[in-house]
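Report on the following structure.
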Amino acid sequence: MATDEQVPPAVALRGIGKRFPGVVAVDDVNLEILPGEVHVFAGENGAGKSTLMKVIAQVDEPSSGHVELDGQRVAFRGPGSARRLGIAMVHQEFALAPDLSVAENLFIGDEPGRGGWISRAAERRAARGLLDRVGLDVDPGKRVALLSTAEQQRVELAKALAVQAKVLILDEPTATLTERETEELFGIVRELTAQGIAVAYISHRLDEIFEIGDRVTVMRDGAVVDTSPVGELDEARLVQLMVGRDVANLYPRNHQPPGEVRLRVEGLGRGDAVRDASFEVRAGEIVGLAGLVGAGRTELARAIFGAEPPDRGVVRLDGRELRIRGPADAIAAGIGYLTESRKTDGLALQLGVDKNITMAKLPMLRPGLIDLSGERRIAERQRETLRIRVPSVGRPANTLSGGNQQKVVLARWLETGAEVLLFDEPGRGMDVGAKSEMFQQMDLLAERGKAVVLISSYLPELLNMCDRILVMRGGRIAGEVPREEFSEERVVALATGARSNHD
Ligand SMILES: Nc1ncnc2c1ncn2[C@@H]1O[C@H](COP(=O)(O)OP(=O)(O)OP(=O)(O)O)[C@@H](O)[C@H]1O
Ligand SMILES: [Mg+2]
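So for the sequence shown, full-length UniProt numbering puts the first residue at 1; every next one is plus one.
Printed below as a string of structure tokens:
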């Protein structure tokens, strides 16, 4: 971290405020981000972190106050202008064009500024160089839609580095990454800060805040409540600052002896993505699915749910063989799936929070007539339980913060009354308090005799919430770890193949 008094802050925020209709998203924020530091921004969902970063990146125009870069006041001219001034931002929800190639995405919007025509070959060479910097080994000509989430995130990062960045903003960059990928990202971040680049880093993960951060700013209700060097904080204090109360138990779980087998999967397969998967989940159980990104966990869930119907194998619920040709069949049979990518197949962004919550199971007065007040009641109940931050449940989902959008999708599946629930990275983007509420709800589902499958890349969640953990590798279930034998080492060894990772 730079301590030289002569060096002006890379970014200085002077009295920044940002209002949206009915919401004060950012309220009179004054702070400085120094060259060479990792400045972490933490706080509950909806606290204003992303909005503040969008003000710096000139995506959102502030309602009051101004921004200084290297001691110079800058006028608001839009994101292209901010990029040219050396502000690079990797957004919470990626903003890549799925139908363009990796190389095209990297240089989109930059070509005109470079004065003249860039050859395909030169573009590819430049792309290769950038991709190498972020350790991504894909063909620059590949369409972005064909990349995994983790790969897309790398492309976003490479795109950010395509400009000579002085300030790099990362909005929850590790939400989609496994621990190994997170370590690789940290390596890149450390290299950049060593070159004097200022990094603004939004995160909900306490462990990584302490690992990568130099200073932490905590926001609540749009305002800054504290900025401290990480060395002066501990986890309990940080949680206290974030949620304004003590969160006694991050992982509330009452383990019960499991009941009858509810979900039984036999020899399920789809292409190479899922191979010969067999397992069962009993009433009252929460079974974890662990594995590296690309190991086939999401593909397995999608096959069970019929999002990509399996080409072999059988799924049974309470002993009855199900015919699932698509998600509608799965929902009708009593299977719910909370997807990992809420933006693409989870939320209807233009629709209200209430409609989004009741979408999978509409309350009806009689056939053909939706019970609108029932819908509102359900939405209000979920808003309270999960603390969804929105001025009214009629507001469209796209006005919510990232974590609150995730809560809306979660609420939908909690309301379906499904017997089997597949949760794919459900806590992604949620603050610690909200996660604790979510796990409480999950525990309640188990207590009511439902069968729950929990996919998570964050091992502490699996180790604390699950009865058993299935570990996937290369599309197969590589092994099962019972609760008595839970340890990170066991799971990691199974996930990576223990002796080598070149399989
Ligand atoms: N375009 C918009 N229209 C209306 N309200 C908005 C808009 N964008 C953000 N908000 C509101 O501003 C507040 C702050 O949102 P922001 O996205 O900055 O939160 P955040 O701290 O990034 O939360 P999260 O951890 O969930 O990502 C929220 O109440 C949100 O609903
Ligand atoms: Mg956000």
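Glycine included, every Cβ here is placed at the ideal spot set by N, Cα and C.
- Residue range 215 to 220 is occupied by the beta strand (DSSP E) that includes Thr-217.
- Comparing alpha carbon positions, the residue from Arg-297, Val-138 and Asp-311 closest to Gln-152 is Val-138.
- Annotated three-state conformation of Asn-30 is strand, per DSSP.
- In the three-state reduction of the DSSP assignment, Gln-92 falls in the coil class.
- DSSP assignment within the region 278 to 321 yields the following whole alpha helix (DSSP H) runs of 4 residues or more, N-terminal first: 297 to 305.
- If you check the C-beta of Ala-25 against ligand 1, you find a heavy atom less than 7 Å away.
- With the rule of 3 Cβ pairs closer than 8 Å, the region 33 to 49 counts as touching the region 397 to 409.
- In this model, Ala-478 and Ile-335 are separated by some 24 Å (Cα to Cα).
- Under DSSP, no beta-bridge partner is assigned to Phe-76.
- The chain-ordered list of residues whose CB is nearer than 7 Å to some heavy atom of ligand 2 reads Lys-49, Ser-50, Gln-92, Asp-171, Glu-172, Ile-202, Ser-401, Gly-402 and Gly-403.
- When the beta-carbon positions are compared, Val-293 and Val-287 stay at least 8 Å from each other.
- Membership of Ala-121 in the alpha helix (DSSP H) is indicated by the continuous run 120 to 133.
- Under DSSP, Arg-270 takes part in a beta bridge, and its partners are Val-274.
- Assigned with DSSP and collapsed to three states, Met-472 falls in strand.
- Contact between Val-243 and Glu-480 does not hold, since their C-beta atoms are separated by about 35 Å, which reaches or exceeds 8 Å.
- Less than 8 Å divides the Cβ of Leu-177 from the Cβ of Leu-185.
- The three-state secondary structure of Thr-51, taken from DSSP, is helix.
- Between the alpha carbons of Val-274 and Phe-486 lies a gap of roughly 25 Å.
- In this structure, the beta-carbon distance from Glu-172 to Gln-58 does not fall below 8 Å.
- Minimum Cα-Cα distance from Thr-385 among the listed residues Leu-362, Gln-440 and Thr-416 corresponds to Gln-440.
- Thr-399 has its CB nearer than 7 Å to a heavy atom of ligand 1.
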